[in-house]
Every structure is written in C-alpha cells, then in structure tokens.
Amino acid sequence: MSRINVPTADHFLTVKRILHYVKGTLHFGLTFRPSTTPGALVAYFDADWADCPDTRRSTFGYSIYLGDNLVSWSAKKQPSVSRSSCESEYCALATTAAELLWLTHLLHDLKVLVSSKPILLCDNKSAIFLSSNLVSHKRAKHVELDYHFLRELVAASCLFKSDAQLAVGVKDTLL
C-alpha cells in the first residue's frame, strides 16, 4: 500500500516542515544574467576512474550552462564498476548527454530559444571515438548496452561533441 493512501503522523510532520521552509524562502530565486554566448547550451563533465577505495566505483560530475548561467549540475558515484577509464568516461558522457537532452526538451517546451545544438565537451579521446564509431570493438564489449544510446544521439545529430581542450580548468573543478 502506498504511503499516500495511508499517511502517518511522521508524514504530516514532514509536509509541515516542507511548507514552513517554502514559506520562509518565497523571496529566494534564480537570477539569470546576460551572457556572452546567449542561448548556447554547453555541458562539461569529468569522471574519476575507480576512485572509491571500498567499491572501486568511479565518481563523475557534470555542469551544464545556458550561456554563462549554470542550469544543471551533479556529482555522484557511477551505478556500476567500470573496467577501464574509457568505460568510466563513456558512462559519464552518456549520463551527461541524457541530462542535456532532457534540458533541451524542457527549454523547447518553455519556449526558450537555444541558438545551436547542445555542446558536450569531452576530454577522453577513447570515449569520443567510442561514441562516434558505429563499429563494435572487442575491447569495448564490456560497456553496458544502455550507454550506446549516446551513439544514436550523435548519429541523429542531436548533439555536437567537441574536444574539451577549450574546457581545461573547468572540468577538473567538478570533482
């Protein structure tokens, strides 16, 4: 049975705390400033391969900007252990691409003009090659199939990938 159907006193207390918080923060908001690149959606990401000493799962993070304004960000452990730095970066690339695609659709629904295809900056040449090359490779067979949707996005020209040489200094601040 759902908690919505059978709420407890703890649930009411939680709702009361949330409403109290909302009432106290009504004056808060996000400020978007004019940008040097208005309407450009740019994503930076990075992964740290097998950095957790207990689980050996990789950590990754991304930040997505609309012009000069940060609109989405995340940093967390990957859901599974990666067997190579390429796989770790490729999985982070796929997760960032999914968020970028979702934001693109959201901005379209909100009638926000995005001036060009989203730009996804990647600093791992193997991950770039794997996402662009439609040929399967023996050394890359261990990559989860669900991450191959990234190839479909690139092939359908939904994303513009760029080498992150321009993004040096930004990407490493994510982790």
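Residues in the sequence shown are numbered consecutively from 1195, following the working numbering. We put the CB at the ideal spot given by N, CA and C, even for glycine.
Between the alpha carbons of Val1306 and Thr1225, how many angstroms are there, rounded? 16 Å
Pairwise C-alpha distance: Leu1287 and Val1275: 15 Å
Tell me whether Gly1218 sits in a helix, a strand or coil according to DSSP, three-state version. When secondary structure is reduced to three states using DSSP, Gly1218 falls in the helix class.
So Ser1268 packs on Leu1297, CB below 8 Å; how close in whole Å? With a Cβ gap of about 12 Å, Ser1268 and Leu1297 do not count as contacting.
Asp1370 (DSSP reduced to helix, strand or coil): With the chain represented from 1195 up to 1369, any question about residue 1370 goes unanswered, as that position is not in the structure.
Rounded C-alpha distance that separates Asn1263 from Val1308: Asn1263 and Val1308: Cα-Cα distance of roughly 13 Å.
Measuring CB to CB, does Ala1234 end up less than 8 Å from Ser1310? yes
By Cβ distance below 6 Å, which residues in the same chain neighbour Ser1282 in space, the five residues on each side in sequence not counted? Ala1241, Trp1243, Ser1252 and Ser1276
Euclidean distance between Cα positions of Tyr1284 and Arg1227: 32 Å
Residue environment, Val1348, which counts as buried when at least 16 other CB atoms sit within 10 Å: buried
With which residues is Tyr1284 paired in a DSSP beta bridge? For Tyr1284, which the question treats as bridged, DSSP gives no partner whatsoever.
Which same chain residues, not among the five before or five after Lys1365, have their C-beta less than 8 Å away from its C-beta? A caution first: Lys1365 carries a pLDDT of 44, below 50, which makes its placement in the model unreliable, though a value can still be read off. The answer, listed in chain order, is Tyr1238, Phe1239, Asp1240, Leu1315, Asp1317 and Ala1358.
Here's the rule I'm using: 16 or more other beta-carbon atoms within 10 Å means buried, otherwise exposed. How should Cys1246 be labelled? With fewer than 16 Cβ atoms within 10 Å of its Cβ, Cys1246 is classed as exposed.
DSSP bridge partner residues for Asn1263 (one or two, in chain order): Leu1260
What would DSSP say about Ser1252, mapped onto helix, strand or coil? coil
I need the straight-line Cα distance from Thr1381 to Ser1326, nearest angstrom please. Absent from the structure is residue 1381, since the part of the chain shown begins at 1195 and ends at 1369.
From Glu1346 to Lys1270, what distance separates their C-alpha atoms? 25 Å
Select from Lys1319, Ile1258, Pro1232 and Lys1210 the residue whose C-alpha is nearest the C-alpha of Ser1279. Cα-wise, what sits closest to Ser1279 is Lys1319.
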